[in-house]
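Undergrad:
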């Protein structure tokens, strides 16, 4: 259990470096934005490399504690080769964007806030990847929507920017509500909110009898978040954010 806990939380702890700098030392970040960006990017790069090195020989590592057992909600996380590889992508690409942001937005007094949002967004994406409970995954999923809203609204003094940031939030939150409805249907159908438990049931007859509406709701959630047609319109509008924000959202 301790080994699994360490393996899961080491990559998740990496984004805490820029989050600490932005929230605890905002004055230093404003004075030395490029250095703050380099330190943050290096930390995220190390986390990415650590995950990539583990991919070839990793098994399944799981850690969890009861949270709201009456609703089937456990604070549970799971890492295997598939999720470790995606975690490496998140940290690696995120580190590159943070490094770019240090030069592009370093002159702004808002840079500590942007750095905090980048770190929070990275944590939320890692949460989506490593979550082993439907509802915990949903919470991280919606956290990415909220942080997208804050990042897109960087130039919030402009009304058009506020409108487009609100549009992105509304579309993705609506999709998130559809996803939640699909997750509830899946929980009622399979009797578990655990992704590991669902994988154990992959060969059962329950899979064949899963209501079609659950799949439709999942697709709506995924299509809205990834700006697929017919929900594609919000992403071009969200490009009112600075270049590093646009790169990060993509």
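In the working numbering, the protein residues as written are 5 to 254.
Each residue gets a CB set at the ideal place from its N, CA and C atoms; glycine is no exception.
#1: What are the start and end residues of the alpha helix (DSSP H) that includes residue 249?
#2: Quick one: Cα of residue 213 to Cα of residue 219, how far?
#3: Exposed or buried, residue 234, counting other C-beta atoms within 10 Å across all chains shown (16 or more means buried)?
#4: If you run the structure through DSSP and keep just helix, strand and coil, what is residue 161?
#5: So, at 6 Å on beta carbons, what are the nonlocal neighbours of residue 124 in its own chain, with the 5 sequence-adjacent residues on each side left out?
#6: I need the straight-line Cα distance from residue 149 to residue 31, nearest angstrom please.
#7: Can you have a look at residue 248 and say buried or exposed, based on whether 16 or more other CB atoms are within 10 angstroms of its CB?
#8: Under the DSSP definition of a beta bridge, which residues are partnered with residue 83?
#9: Nearest-angstrom Cα distance between residue 4 and residue 109?
#10: Got a sec? Which residues, its chain only, sit under 6 Å from residue 6 by beta carbon, not counting five neighbours each side?
#11: Taking the alpha helix (DSSP H) that residue 48 belongs to, which residues open and close that run?
#12: Which class does residue 233 belong to by DSSP, given the choice of helix, strand or coil?
#13: How long is the line joining the alpha carbons of residue 24 and residue 15, rounded to whole angstroms?
#14: For residue 215, count the other beta carbons within 10 Å of its own beta carbon; 16 or more makes it buried, fewer makes it exposed. Which is it?
#15: Do you know how far the Cα of residue 160 is from the Cα of residue 171?
#16: With DSSP run on the structure shown, which of helix, strand or coil describes residue 74?
#17: Determine the burial state of residue 44: buried for a count of at least 16 other Cβ atoms within 10 Å of its Cβ, exposed for fewer.
#18: Tell me, please, whether the region 65–72 touches the region 184–193 by the rule of three or more beta-carbon pairs shorter than 8 Å.
TA: According to the data block:
#1: Your numbering for residue 249 matches position 245 in the chain shown. First-last of the alpha helix (DSSP H) with residue 249: 247–253.
#2: Taking the chain shown and counting its residues from 1, the one referred to as residue 213 is at position 209. Taking the chain shown and counting its residues from 1, the one referred to as residue 219 is at position 215. The alpha-carbon atoms of residue 213 and residue 219 are separated by roughly 12 Å.
#3: Translated into positions along the chain shown, residue 234 becomes position 230. When all chains shown are included, residue 234 counts as exposed.
#4: If you number the chain shown from 1, residue 161 lands on position 157. Three-state result, residue 161: coil.
#5: Against the chain shown, residue 124 aligns to sequence position 120. Contacts found: 151.
#6: Residue mapping note: residue 149 aligns to position 145 of the chain shown, counting from 1. Residue mapping note: residue 31 aligns to position 27 of the chain shown, counting from 1. C-alpha separation (whole angstroms): 28 Å.
#7: For the purposes of this step, residue 248 is identified with residue 244 of the chain shown, where counting begins at 1. By the 10 Å Cβ count, residue 248 comes out buried.
#8: Position 79 of the chain shown, counted from the first residue, corresponds to residue 83. Residue 83 pairs with 65.
#9: The chain is shown only over 5 to 254; residue 4 falls outside these bounds and no answer can be derived.
#10: The residue labelled residue 6 in the question sits at position 2 within the chain shown. Because the pLDDT at residue 6 is just 41, under 50, the model does not fix this residue reliably, and the point stays unresolved.
#11: Start at 1 with the first residue of the chain shown, and residue 48 comes out as number 44. Looking at the DSSP string, the run of the alpha helix (DSSP H) that includes residue 48 is 37–58.
#12: As a first step, residue 233 must be located in the chain shown, where it is residue number 229. The answer is coil: DSSP assigns residue 233 none of H, G, I, E or B.
#13: Reading the chain shown from its first residue, position 20 is the one you call residue 24. Reading the chain shown from its first residue, position 11 is the one you call residue 15. Distance between the alpha carbons of residue 24 and residue 15 is about 15 Å.
#14: By 1-based counting over the chain shown, the position of residue 215 is 211. Exposed: under 16 other Cβ atoms inside 10 Å.
#15: Residue mapping note: residue 171 aligns to position 167 of the chain shown, counting from 1. Residue mapping note: residue 160 aligns to position 156 of the chain shown, counting from 1. Using only the alpha carbons, I get a separation of about 14 Å.
#16: For the purposes of this step, residue 74 is identified with residue 70 of the chain shown, where counting begins at 1. The answer is helix: DSSP assigns residue 74 an H, G or I state.
#17: The residue given as residue 44 occupies position 40 in the chain shown. Looking at its Cβ environment, which holds 16 or more other Cβ atoms inside 10 Å, residue 44 is buried.
#18: Short answer: they don't touch.
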